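Step one of this worksheet: look at the structure below.
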Amino acid sequence: MSEFPEGEHPLSSEEDALAIMTGGVPMGRWKEGQLFDGISPTPGLMSAANWFPKTESLGPDEMRIIFMGTSPMIRPGQANTSVFVQLGNGENFIFDLGEGSIGNYIAGGFALNELDKVFITHLHVDHFASLPYLYMFGGWSGRWHNPLQIYGPSGRTTEDGTNHMVEGMKQMCHWHRDAFSVFPVGQAWDLDVHEFDFRDNGGIIYDKDGVTVRHWERSHAKDGASGYRLDWNGLSVVWTGDGRPNRNDVEWAKGCDVYITETQASLMAISSGVAGVPPVVGRYTVDTHHTPGYAAGYMASLIEPRLLMTTHMAFDPYQNDETVVEIREHWKGPFHLGAPDGIVVNVTRDDIWVREGILPDYPNNRSPQQDFSSGQFVIPAPGTKREDIQNPGIRETEVDPAEYYPQGYHPDLLMEWPVDGEFVMSVEDMPPQLRQTMGENWRFREAYKEEMKRRSVDDSDK
Ligand SMILES: [Zn+2]
Ligand SMILES: [Zn+2]
Numbered sequence: 029m030s031e032f033p034e035g036e037h038p039l040s041s042e043e044d045a046l047a048i049m050t051g052g053v054p055m056g057r058w059k060e061g062q063l064f065d066g067i068s069p070t071p072g073l074m075s076a077a078n079w080f081p082k083t084e085s086l087g088p089d090e091m092r093i094i095f096m097g098t099s100p101m102i103r104p105g106q107a108n109t110s111v112f113v114q115l116g117n118g119e120n121f122i123f124d125l126g127e128g129s130i131g132n133y134i135a136g137g138f139a140l141n142e143l144d145k146v147f148i149t150h151l152h153v154d155h156f157a158s159l160p161y162l163y164m165f166g167g168w169s170g171r172w173h174n175p176l177q178i179y180g181p182s183g184r185t186t187e188d189g190t191n192h193m194v195e196g197m198k199q200m201c202h203w204h205r206d207a208f209s210v211f212p213v214g215q216a217w218d219l220d221v222h223e224f225d226f227r228d229n230g231g232i233i234y235d236k237d238g239v240t241v242r243h244w245e246r247s248h249a250k251d252g253a254s255g256y257r258l259d260w261n262g263l264s265v266v267w268t269g270d271g272r273p274n275r276n277d278v279e280w281a282k283g284c285d286v287y288i289t290e291t292q293a294s295l296m297a298i299s300s301g302v303a304g305v306p307p308v309v310g311r312y313t314v315d316t317h318h319t320p321g322y323a324a325g326y327m328a329s330l331i332e333p334r335l336l337m338t339t340h341m342a343f344d345p346y347q348n349d350e351t352v353v354e355i356r357e358h359w360k361g362p363f364h365l366g367a368p369d370g371i372v373v374n375v376t377r378d379d380i381w382v383r384e385g386i387l388p389d390y391p392n393n394r395s396p397q398q399d400f401s402s403g404q405f406v407i408p409a410p411g412t413k414r415e416d417i418q419n420p421g422i423r424e425t426e427v428d429p430a431e432y433y434p435q436g437y438h439p440d441l442l443m444e445w446p447v448d449g450e451f452v453m454s455v456e457d458m459p460p461q462l463r464q465t466m467g468e469n470w471r472f473r474e475a476y477k478e479e480m481k482r483r484s485v486d487d488s489d490k
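Residues 29 to 490, numbered by my numbering, are exactly what the sequence shown covers, in order.
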């Protein structure tokens, strides 16, 4: 028989507890090997190695950056460039939206209608080509009450500016927009374009809820390329977009938390053999448009961020080590590749941690996120009917559903939108599943506001 009653073993000494619990690793201080102070997991991560979509919410003072597209050369593991920034207050910001990147947003569990602010660094298609998809399908999937907001630079002429590109996109999407007008529309087809003077270095183009975004001019072979810096709550991230390293970067990116620059390894001859690009084209492209690895490290040594990241690069074994060596020529501080797609960075004032995001190949769309502040769920009326946009003759050629549905099975077909005009329902009366899934972001934002109120009460108590 045990000397002690069940569950009442005598406690070990503090010295023994420390030896067992830390095992030689000082708890709370993760500086090991070549890691740096402050490079450690933020509280609240489910896994220190991987980010799994829809499993973590951000702390109220936390920023998360996800690389949704990482290369100028599109391929299945690397869509064209896009940097997604989420803030602990529930807001999100897209910086560039290259071809294919929108698939990674869906894989990341983000609803198309919650992606409503896009900042474009410049008008090379590898930085904006997913925009028509977001415009059309974001509208279809619930962006009924908030127009898409697009920020981008002016150019040498009116035709070179973001406004002109968006006008062209609207023309390109004319048929699609009219076709999708048989669905609820509201503000789905509205676009607010915020074109700024690309020469206005340091100009603030977004200033709301404590978030500012400023821009500056970059050298990318043609006027109109810009870099961006977002500041919020004492945290900042810079995405340079494409370009040659220039003095403006040092001035406006100085001291940021996460400095993300594009880069190209200096492997022109080998790369041309691997990627099939003639060496003269590769060399000329980099030397007139881009940032060599050596320059990326050099710029970081002047800017002194808490973390340097490089993206807009081929993520290939033969290049990655070369990139690191080139970066290390001048930059001895924290560095991580911003590639391949799905790299996730959590940032607080104390910690920065980089993980691999696990993006599924066959994700489902997230439910459209609605703002339930008014207590009502509102679906606008469709803009048009099939009869308005289709020759009746072709509808008459449709095969009678009774021919293909099996005997005894005949669903109620919804051949016309079932409601005339706007549909309005009290949120309380919604089926719980819809109320839950459509209100996730809204509830997150409300919780943030509560937390801020609580803090201000705490402060006034002091
Ligand atoms: Zn590019
Ligand atoms: Zn470019």
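Beta carbons are placed, not taken as given, at the ideal position from N, Cα and C, and that holds for glycine.
None of these values were measured; they are calculated from a predicted model.
If you draw a straight line from the alpha carbon of PHE568 to that of VAL111, how long is it in whole angstroms? There is no way to answer for residue 568, as the model of the chain reaches only from 29 to 490.
Tell me, which residues are paired with THR339 by DSSP? Mapped onto the sequence shown, residue 339 falls at position 311. Bridge partners of THR339: GLU290.
Report the start-end ranges of each alpha helix (DSSP H) in the segment 198-278 that is 4 residues or longer and not cut off at the edges. 202-207
Listed by chain order, which residues have C-beta atoms less than 6 Å from any heavy atom of ligand 2? HIS150, HIS152, HIS248 and ASP270
Whose C-beta lies closer than 6 Å to the C-beta of GLY325 among residues of the same chain, with five residues either side of it excluded? In the sequence shown, residue 325 corresponds to position 297, counting from 1. Same-chain partners within the cutoff: ILE355, GLU357, HIS358 and TRP359.
Under a three-way DSSP split, which group does THR480 fall into? Looking up residue 480 in the sequence shown gives position 452. Reading off the sequence shown, one finds Met at residue 480, where the question assumed Thr. Three-state DSSP puts MET480 in a helix.
Below 8 Å on the Cβ atoms is my contact criterion, and I expect HIS364 with VAL375 to pass it. Report the Cβ-Cβ distance as a whole number of Å. Position 336 of the sequence shown, counting from 1, holds the residue named residue 364. Position 347 of the sequence shown, counting from 1, holds the residue named residue 375. Going by Cβ atoms, the distance from HIS364 to VAL375 rounds to 12 Å, so no, they are not a contact pair.
Candidates TRP260, TYR256, GLU478 and SER264: closest to ASP277 by CA position: Here residue 277 corresponds to residue number 249 of the sequence shown, with the count starting at 1. The candidate whose alpha carbon is nearest that of ASP277 is TYR256.
What residue range is occupied by the uninterrupted alpha helix (DSSP H) comprising MET49? Numbered from its first residue, the sequence shown carries residue 49 at position 21. Bounds of the alpha helix (DSSP H) holding MET49 are 42-50.
Proximity of GLU332 and GLY283 at Cβ, strictly below 8 Å: Here residue 332 corresponds to residue number 304 of the sequence shown, with the count starting at 1. Here residue 283 corresponds to residue number 255 of the sequence shown, with the count starting at 1. Yes. Within cutoff.
What does DSSP give as the partner residues of ARG383 in its beta bridges? Taking the first residue of the sequence shown as position 1, residue 383 is located at position 355. BP columns for ARG383 point to VAL372.
Which residue comes first and which comes last in the beta strand (DSSP E) that contains ASN120? Stepping through the sequence shown from its first residue, residue 120 is reached at position 92. ASN120 -> beta strand (DSSP E) spans 120-123.
Assuming contact is defined by CB atoms lying nearer than 8 Å, are ALA253 and GLY271 in contact in what I supplied? One-based indexing of the sequence shown puts residue 253 at position 225. One-based indexing of the sequence shown puts residue 271 at position 243. Yes, the pair counts as a contact, with Cβ atoms nearer than the cut-off.
Return yes when the Cβ of ILE134 is within less than 8 Å of the Cβ of SER158, no when it is not. On the sequence shown, position 130 is the one that residue 158 refers to. On the sequence shown, position 106 is the one that residue 134 refers to. It is not a contact, given that the beta carbons lie outside the stated cut-off.
Checking 8 Å against the spacing of the C-beta atoms, do PRO212 and ALA342 come in under that value? Sequence index remark: in the sequence shown, residue 212 carries index 184 (1-based). Sequence index remark: in the sequence shown, residue 342 carries index 314 (1-based). It is not a contact, given that the beta carbons lie outside the stated cut-off.
Of the residues ASP369, GLY370 and VAL286, the one placed nearest ARG334, counting alpha carbons only: The residue you call residue 334 lines up with position 306 of the sequence shown. Residue VAL286 is the option with its Cα nearest to ARG334.
Based on Cα-Cα distance, which residue from VAL373, ARG473 and SER209 lies nearest to ASP416? Here residue 416 refers to the residue found at position 388 of the sequence shown. Ranking VAL373, ARG473 and SER209 by Cα distance to ASP416 puts SER209 first.
Start and end residues, beta strand (DSSP E) containing ILE94: Within the sequence shown, numbered from 1, the residue matching residue 94 stands at position 66. 91-97 is the span of the beta strand (DSSP E), which, as asked, contains ILE94.
Is any heavy atom of ligand 1 found at a distance shorter than 7 Å from the C-beta of ASP315? Along the sequence shown, read from residue 1 onward, the residue named residue 315 stands at position 287. ASP315 Cβ: outside cutoff for every heavy atom of ligand 1.
Is PRO100 near ligand 1, judged by its Cβ being under 7 Å from some heavy atom? For the purposes of this step, residue 100 is identified with residue 72 of the sequence shown, where counting begins at 1. Yes, since a heavy atom of ligand 1 falls inside the 7 Å radius drawn around the Cβ of PRO100.
Examine ligand 1 and report whether any of its heavy atoms sits within less than 7 Å of the Cβ of THR109. Position 81 of the sequence shown, counted from the start, is the residue given in the question as residue 109. THR109 Cβ: within cutoff of ligand 1.
Taking ASN132 and ASP369 to be in contact with their CB atoms under 8 Å, please state how far apart those CB atoms are, rounded to whole angstroms. The sequence position of residue 132 within the sequence shown is 104, counting from 1. The sequence position of residue 369 within the sequence shown is 341, counting from 1. Right, their Cβ atoms sit about 5 Å apart.
Given this structure, state the Cα-to-Cα distance separating ARG311 from PRO320, to the nearest angstrom. As a first step, residue 311 must be located in the sequence shown, where it is residue number 283. As a first step, residue 320 must be located in the sequence shown, where it is residue number 292. Approximately 11 Å between the Cα atoms of the pair.
Considering only residues of the same chain and omitting the five flanking positions on each side of ASP218, which have a CB-CB separation below 8 Å? Counted from its first residue, the sequence shown places residue 218 at position 190. Once the five neighbours on either side are set aside, the close Cβ partners of ASP218 are PRO175 and LEU176.
What separation, rounded to the nearest whole angstrom, lies between the Cα atoms of TRP244 and THR50? Against the sequence shown, residue 244 aligns to sequence position 216. Against the sequence shown, residue 50 aligns to sequence position 22. Rounded to whole angstroms, TRP244 to THR50 spans 47 Å at the Cα level.
Let me check you understand the geometry: is the CB of HIS155 closer than 7 Å to at least one non-hydrogen atom of ligand 1? Residue mapping note: residue 155 aligns to position 127 of the sequence shown, counting from 1. Flag set: Cβ of HIS155 near ligand 1.
Which residue wins for smallest C-alpha separation from LEU140, given the options LEU125, SER169 and VAL302? Here residue 140 refers to the residue found at position 112 when the sequence shown is read from its first residue. Nearest C-alpha to LEU140: SER169.
Is HIS192 near ligand 3, going by C-beta to nearest heavy atom under 7 Å? For ligand 3, the structure offers nothing, since it holds only ligand 1 and ligand 2.
Distance, PHE147 Cα to TYR234 Cα: If you number the sequence shown from 1, residue 234 lands on position 206. If you number the sequence shown from 1, residue 147 lands on position 119. If you draw a straight line from the Cα of TYR234 to the Cα of PHE147, it is about 10 Å long.
Could you please give the first and the last residue of the uninterrupted beta strand (DSSP E) stretch that includes LEU143? Counting from one through the sequence shown, the residue named residue 143 turns up at place 115. No beta strand (DSSP E) holds LEU143; DSSP gives it neither H nor E.
Top-ranked residue by Cα proximity to HIS318, from SER294, SER300 and GLY116: In the sequence shown, residue 318 corresponds to position 290, counting from 1. The candidate whose alpha carbon is nearest that of HIS318 is SER294.
For the beta strand (DSSP E) holding TYR179, just list the boundary residues, first then last. Here residue 179 refers to the residue found at position 151 of the sequence shown. Unbroken beta strand (DSSP E) run through TYR179: 176-181.
Counting along the chain, where does the alpha helix (DSSP H) carrying GLN347 start and finish? By one-based count along the sequence shown, residue 347 stands at place 319. 345-356 is the extent of the alpha helix (DSSP H) around GLN347.
From LEU387 to PHE95, what distance separates their C-alpha atoms? Taking the first residue of the sequence shown as position 1, residue 387 is located at position 359. Taking the first residue of the sequence shown as position 1, residue 95 is located at position 67. Straight-line Cα distance between these residues: approximately 11 Å.
Could you work out which residue in LEU63, PRO100, GLU90 and VAL239 is closest to LEU314 when comparing CA atoms only? The residue given as residue 314 occupies position 286 in the sequence shown. The sequence shown places Val at residue 314, not Leu. When each option's Cα is compared against that of VAL314, the closest is PRO100.
Whole angstroms is fine: what's the gap from HIS152's alpha carbon to GLY196's? The sequence position of residue 152 within the sequence shown is 124, counting from 1. The sequence position of residue 196 within the sequence shown is 168, counting from 1. Here the alpha carbons of GLY196 and HIS152 stand approximately 14 Å from one another.
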